Amino acid sequence: MSDPGRKTNLWLIATLVLAMSPQVLSMPISVLVLTLLPLFWRIGSEIRDWKPLPAWVRHGATAAALAALFFSYGDLSGRRAAVSLLTVMLSLKLIECYRIRDARLVICFSLFLCATQFLFAQGVLMPFYAAATVMLALVTLTKLQRAEAWAREGEPPPVKASLLAELSFSFRLLALAVPVGIAFFIFFPRLASPLWGIPDSTLDSKTGLSDSMSPGSIQTLFMDDSPAFRAEFSGTIPPAEQLYWRGPVFWRFDGRTWTSGFYGRNIDAAAVPMPMDQSWAYTIQLEPNEQNWLFALDYPASVPPDARLTMDFQLLRRRPVIQLIQYSIISNPDFTDMPELSGPFRLQALDLPDGSNPRTRALVDQWRRETPDDSGFVSRVLEHFNREPFHYSLDAPLLGAHPADEFLFDTRRGFCEHYASTFAVMMRMAGIPARIVTGYQGGWFSELGNYVLIRQSDAHAWTEVWLDESGWTRVDPTAAVSPLRVQQGSLGALGAPRHLLDYSWLRGLRNSADVVQQRWNDWVIEYGAGRQARLFAPLGLDHMSPVMLVSVLFLAIAVFSVIIFPIVLRIKGPGHKDPVQQAWRKFLKRLEKAGVTALPSDGAIELAEAAAHALPAHSDAIHRIAHLYTHSRYAPVPPPFADLKQAILDFRPAKNAS
Amino acid sequence: MTHSSTIASEQSGIGQRFDSWVLDRVRRRRGPTELPRTLEYRHIYVMPTRFGFWFGMLLALTVIGGLNFNNNMTLMLGFLLAAIAQLTTLLVYRNLAGIRIDAVRASPVFAEESACFKVLLKNPEERSRFAIQAESPDGGDVIDINPQASGQLSLNQMTVSRGWLQMAPFRIENRYPLGLFRAWSVVIPTARCLVYPKPAPHPPALPKTGRGDYGAASQGEGEHFHGLREFQPGDPLRRIAWRTSARHQKLYSRVMESPRDEACELNWYLMGSGNPEEKLSILTAWVLRAERRQIPYSLEMPGAALPADLGEDHRDACLEILALYKP
């Protein structure tokens, strides 16, 4: 009796499919199959009238799904796993969803599923996904309501609305709700700190730079065009060759892989530069990467809250960045990092594994004898990179036991990490303290949004050497090989496209379109307690308390309701067509052409009398039509509609000449 | 009857108490509803349904999660759904407001049958009304009403004993479009339905008098052949004189007649001293039987008497006397 009906069930399935689509794309294959099977079965059962499955099949499917989830995710406490669980359960619910109550449950949790997807992605396209899901859900809920109202009649509710009318009704509902929704969004008081703990991971994997560097590790990032962060400068924008965004710093080298070492992560910066007139002030909008590094230009003079500055000027956040964050920084390039290098640091910055790279060591020893001066030696090595046929290239050959030797003398093709690593090794061999800095270099300046966009493909590695006169000094050996890399970015320097669809105009288009995402991030994603409190700062209200916010919210809702009300008055609901009424209107139109005008006060019978009087030739037809119409309307057993339709079609009075 | 259970569950607990509170309040403040009534804002109540309550809980959960994770898009979705829910309070109200309840009618029934009250509604405005429901303790009905059209909702009510049955208060309500909120108006009708006594299942034979003094011969029905006439639409098939018709190439019906001397006198005083209700039951069954057999019958009751006659009007008059008999 309370079966929602086939059409409603298909709407329900469509809603669920749309709601689960982003989640399904991230599922492991076994879970995916177990999610799709019940879905397909239910669609088939709606179309082919299959019988409901016996209980043991449903229980078996549930057990299999739980097992698959457990084996794929390990434990079910992670967010991805939990949302996958919700998805699978909703899909399984479909095979036993035959009542209105069950259908409503599925709709509610489909909407909830839609809300959980924002934990994983908050791009500008997500609102469209959400709006589409809500629209389908509204159509389904409306149909369910009608099914509920008619449940006791033993027959399905009269359906007169077209698909388009249903969708446009729910669209209008959605559109009308937007102003109040925005009022809620702006004025609903936010929490300054979370109520309960936030897990450390939400993304499917960590992205961006990692906490170690070996040949090829940055090269993989080079293929990734997703934005890493955006920087909006409040004053002048530094030239491209100054845009070294500092990330992880590496001290320890095992012959192949660079890692951070003890000091870098554990000792805080002793001296911090003062912000000066020529400093750069900017705000970074950092995309989530599940890492702790905050990126800044050398040398950060201020530390964002919730972060600390290490002795090698890495900005480390206490918690990984699991969702978009924004922070403001002032950097002062005019600063000497460590005028004095103490013993333990010097030892760490000179340490090399024994017996590796003999050919390089011989070369360094020879050059060192000829150039005892530290900065002279640095210049000589850079000159060597620049003059000899070294290439900046993606297809670097694999390196063996003595990477520096092979790179320096044999292959001579490599990416930034090859140059940085080899250069640092040579410095250490020569007794000059050196370390590796990774981060991003350059970026794309958006004229439209007035910010610099840094993509993962802008990842870079360079070195720092410690010199008596200038402390830690940045040296970028890649720049010696390929000056274009620093001036035009990695993609410009490479020349050849990375893949089939890699055109510069396409990249330009995508870069320009990023301004939408940047604004979206700025206005919507990053809106929080702080900005909310300062909402009315221009009006002289420096701090909005939650009570004030709620009052404004209620005021706004009241105002919107008063504005919305007249608009709502014109909503007619899905345009339910009444064929009898339509036929009658046609009849009235024909009468009008023949010169008989219906008064609004006339009933069908009075009208027929008047019309028959005016058109005596058609008197019989007119009376018959009026009779059929009134009986269609009021008789307990209405006559077939076809009769009325035919009678009206046959009614063709001559047009009135006047 | 899965549905009656859902209606009942909707009425349980707080919902039921609230509904009866509203009913009491309306009864005390306004008394019986005068028809026609146009439903206006002061007649209409809006409350969340059970589904609306759980939907709200899920929204609250979404919003709290969004606040905690500082996830603005989750919040935005939660707020948007809340705004939609808020909008449907308006829609659910508007779907009801402006409807005119014109009249409530009911045809007489026999005791222990269910009385069917017909609520006549008019939608005077240029917009459709969707899924307008009437709900009473014994059942409900639902219709869509087109712009400027009328509609009729049937409400059944069980009858127990003869006499006037006062129609129970009922609600005109709707949950359109999403089923999150219910708007309703309480109607305390003055309409009543005449309930005839329950006909005795096995009454004694008709008390035929054979005198036939008051009896008028009645043609058309009866057991004795009277003559032939041309077939008219409405004549029963069994009455067609097939042989004669075949001979004349035309249909003829037999006209029957009840004998003049057959009539019955239904007299309260001649029935001995039994249980009055049982006597009424038997009299009712006799009236029906006599009418069916087309035997003119008279009725004599304490304080009322009808001469022998036949026909629906006579039958109804007799039954009314029986229904309203006061010992």
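Residue numbers (my numbering), protein chains in the order written: chain Y, -19 to 638; chain V, 466 to 792.
Ideal Cβ positions, reconstructed from N, Cα and C, are used throughout, including at glycine.
Quick caveat: nothing in here was measured; it's all calculated off a predicted structure.
Asked	Found
Closer than 9 Å at the beta carbon, the chain V residues around residue 418 of chain Y	Ordered by position in chain V, no residue passes the 9 Å Cβ test against residue 418 of chain Y, which lies about 29 Å from the chain.
Reduced DSSP category for residue 319 of chain Y - H, G, I as helix; E, B as strand; rest coil	coil
Local conformation of residue 668 of chain V per DSSP, three classes	coil
Beta-carbon spacing of residue 151 of chain Y, residue 115 of chain Y below 8 Å	yes
Of the listed residues V:525, V:543, V:752, V:562, nearest to residue 157 of chain Y (C-alpha basis)	V:543
Buried or exposed by the 16-neighbour rule on C-beta atoms within 10 Å, applied to residue 131 of chain Y	buried
Segment limits, beta strand (DSSP E) that includes residue 639 of chain V	635 to 639
Delimiting residues of the beta strand (DSSP E) encompassing residue 159 of chain Y	Taken as a continuous stretch (DSSP letters only), residue 159 of chain Y belongs to no beta strand (DSSP E), being part of the alpha helix (DSSP H) at 143 to 167.
Alpha carbon of residue 661 of chain V to alpha carbon of residue 601 of chain V, nearest angstrom	22 Å
Chain Y contact residues for residue 527 of chain V, given Cβ-Cβ distances below 7 Å	92, 95
Exposure label - residue 735 of chain V; buried when at least 16 CB within 10 Å	exposed
Strand pairing of residue 425 of chain Y, partner residues [DSSP]	Y:432
Distance CB(residue 645 of chain V)-CB(residue 513 of chain V) smaller than 8 Å	yes
Under 8 Å between C-beta atoms of residue 564 of chain V and residue 154 of chain Y	no
Identity of the residues DSSP links to residue 692 of chain V by a beta bridge	V:720
Residues, ordered as in the chain, of the segment 545 to 556 of chain V that lie near chain Y by beta-carbon distance below 9 Å	545, 546, 547, 548, 549, 550, 551, 552, 553, 555, 556
7 Å Cβ cut-off: residues of chain V touching residue 32 of chain Y	By Cβ distance, chain V contributes nothing, its closest Cβ being about 16 Å from residue 32 of chain Y, past 7 Å.
Outcome for residue 591 of chain V when other beta-carbon atoms lying within 10 angstroms are tallied against a minimum of 16	exposed
Residue 626 of chain Y versus residue 747 of chain V: straight-line alpha-carbon distance, rounded	53 Å
Delimiting residues of the alpha helix (DSSP H) encompassing residue 350 of chain Y	338 to 350
Residue of V:692, V:608, V:638, V:546 minimising C-alpha distance to residue 558 of chain V	V:638
Chain V residues whose Cβ lies nearer than 9 Å to that of residue 4 of chain Y	Residues of chain V passing the Cβ test: none, with the nearest at roughly 19 Å.
Length of the line joining the Cα atoms of residue 636 of chain V and residue 630 of chain V	18 Å
Cβ shell of residue 515 of chain Y (< 6 Å), same chain only, five flanking positions each side left out	524
Where the alpha helix (DSSP H) through residue 553 of chain V begins and ends	537 to 561
Length of the line joining the Cα atoms of residue 618 of chain V and residue 508 of chain V	19 Å
Chain-ordered residues of the segment 504 to 517 of chain Y with a beta carbon less than 7 Å from chain V	504, 505, 507, 508
C-beta neighbour in chain Y for residue 740 of chain V, strict 8 Å	no
Residue 275 of chain Y, DSSP secondary structure in three states	coil
According to DSSP, residues forming a beta bridge with residue 440 of chain Y	Y:419
C-beta neighbour in chain V for residue 165 of chain Y, strict 8 Å	yes
Under 8 Å from the C-beta of residue 539 of chain V: neighbouring residues of chain Y	95, 96, 98, 99
Pairwise C-alpha distance: residue 18 of chain Y and residue 292 of chain Y	56 Å
DSSP state of residue 536 of chain Y mapped onto helix, strand, coil	helix
Within 8 Å, strictly: CB atoms of residue 279 of chain Y and residue 309 of chain Y	no
Nearest residue (CA-CA) to residue 30 of chain Y, options Y:4, Y:71, Y:-14	Y:-14
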